[in-house]
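Below is one structure, written out as structure tokens; the observations come after it.
In UniProt numbering, the protein residues as written are 1 to 216.
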């Protein structure tokens, strides 16, 4: 596993005993924990707890502790160090859409403020701000670069959110399945208990009837 391989390198490298991690390492650690969870090595509570630690981790040593009691399988996936991330067209399009939404929000807010200012002051000078802001945002492209072209960090953040949401959905589905199984088992226990009570009642009634017959 990629994160596990990086963790082992961190543990045995005397020149770099620990280092700060990024979204790629967190994403790989989440994937690795998901595989261990699917294999039955982690229960639901432990899996959720370790996912929370991964989300908030900043150093590789924090990830290392999560895999101390789990087997390593470095051949399953290469180390994330030195590899280039590949993003789908949908991911890039979603990141572009986020930047467009920010610019559209600024443009809409500017328009509302200008209309309000014009209605209060009875002067139309504020209305000139609308085309000025439009030129700044859509022609001169003033503002952070990620408003116009998504950065690698932005794409990684977006992918991390998607992975985290997918893991949460998986946990919710598993919890729903477990609750359903518990409900079925509880209903089955009640049914068997009712059957036993009925049998016991029949036996008691039959015994009492025989006793009365003998008494006569």
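The C-beta atom is built at its ideal place from N, Cα and C for all residues, glycine as well.
- Burial is judged here by how many other beta carbons sit within 10 angstroms of a residue's own beta carbon; residue 71 has fewer than 16 and is exposed.
- Comparing alpha-carbon positions, the option among 30, 121, 205 and 212 lying closest to residue 167 turns out to be 30.
- Taking a contact to require three or more Cβ pairs closer than 8 Å, the region 126 to 142 and the region 183 to 193 do not qualify as touching.
- DSSP, read as helix, strand or coil, puts residue 97 in helix.
- When DSSP states are grouped into helix, strand and coil, residue 41 belongs to the coil group.
- Contact between the region 128 to 137 and the region 106 to 120 is present, with at least three C-beta pairs closer than 8 Å.
- By DSSP's assignment, residue 116 forms no beta bridge with any residue.
- By the beta-carbon neighbour count (other beta carbons within 10 angstroms, threshold 16), residue 210 is exposed.
- The alpha-carbon of residue 24 is positioned some 40 Å away from that of residue 112.
- For secondary structure counted as the beta strand (DSSP E) over 3 or more consecutive residues, the region 150 to 215 holds no complete run.
- The shortest C-alpha to C-alpha distance from residue 44 to any of 143, 171 and 32 is the one to 171.
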